[in-house]
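Asker: Here it is, the structure in full.
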Amino acid sequence: MLISIAARNYTTILALQLKWIHITDDSILFIVFLIHREIIGPFLVLMFINIYWKTQSGVKRITVFAIFLICLLGMDLFSFASGVITYLNWNLLKAGIGNTAFLIAGLGLSRGIRYLMQEPTNYGKGL
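Residue numbers for the sequence shown follow our numbering, so the first one is 201 and each next one is one higher.
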């Protein structure tokens, strides 16, 4: 979750510096922006990872991925439509690619953590 927050912050700061986005000056909408970027987005990625690893079927895993991707895209659409963020060149495909990257990065990091947390086996060791 911390890596997801750091990645979101890094990409947001980069986009602000390159003037690809403009964040609203309204304080209430800015709070909505922070809640969206810092709490809800990483929480959805964390929920996705937990549900993904508990699901056994490949079709169900793809369905879970699609549901969470749609949720993240819906949040982006809401932010765009309500004026929380003004993008220079925004389209749904770019947002989908970015959100897909966040979900896949979360899966990759969780896979690495699961690998490091494995119990060592005694396979191949002499008795």
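Just so it is clear, CB atoms sit at the ideal spot from N, CA and C, and this is done for glycine as well.
Bear in mind that the values here come from a model prediction, so they are computed numbers and not experimental data.
What is the DSSP secondary structure of threonine 286, counted as helix, strand or coil?
Answerer: Here threonine 286 sits in strand by DSSP.
Asker: Which term fits alanine 295, buried or exposed, when burial requires 16 or more other beta carbons within 10 angstroms of its beta carbon?
Answerer: Buried, since its Cβ has 16 or more Cβ neighbours within 10 Å.
Asker: Can you find the residues in the same chain that come closer than 7 Å, C-beta to C-beta, to phenylalanine 268, ignoring five residues on each side of it along the sequence?
Answerer: Excluding positions up to five away in sequence, the list reads Leu244, Phe248, Leu303.
Asker: Touch check for the stretch 279 to 286 and the stretch 222 to 242: three-plus C-beta pairs under 8 Å?
Answerer: Output reads yes: the stretch 222 to 242 touches the stretch 279 to 286.
Asker: Does the Cβ-Cβ distance between leucine 272 and glycine 241 come in under 9 Å?
Answerer: Taking 9 Å as the Cβ cut-off, leucine 272 and glycine 241 qualify as a contacting pair.
Asker: Aspartate 276: which of Gln256, Thr263, Ile297 sits nearest, CA to CA?
Answerer: Cα-wise, what sits closest to aspartate 276 is Ile297.
Asker: Under 8 Å from any heavy atom of the ligand NAP, does the C-beta of valine 284 make it?
Answerer: The ligand NAP is not part of this structure, which contains no ligands at all.
Asker: Can you tell which of Ser279, Ile239, Pro320 has the C-alpha that lies nearest to the C-alpha of threonine 224?
Answerer: Nearest option by C-alpha distance: Ser279.
Asker: What separation, rounded to the nearest whole angstrom, lies between the Cα atoms of threonine 300 and tryptophan 290?
Answerer: Distance between the alpha carbons of threonine 300 and tryptophan 290: 16 Å.
Asker: Work out the CA separation of glycine 274 and glycine 312 for me, nearest whole Å.
Answerer: Going from the Cα of glycine 312 to the Cα of glycine 274 covers about 29 Å.
Asker: Just reading off the alpha helix (DSSP H) that methionine 247 is part of, what are its end residues?
Answerer: From DSSP, the alpha helix (DSSP H) with methionine 247 extends over 241 to 254.
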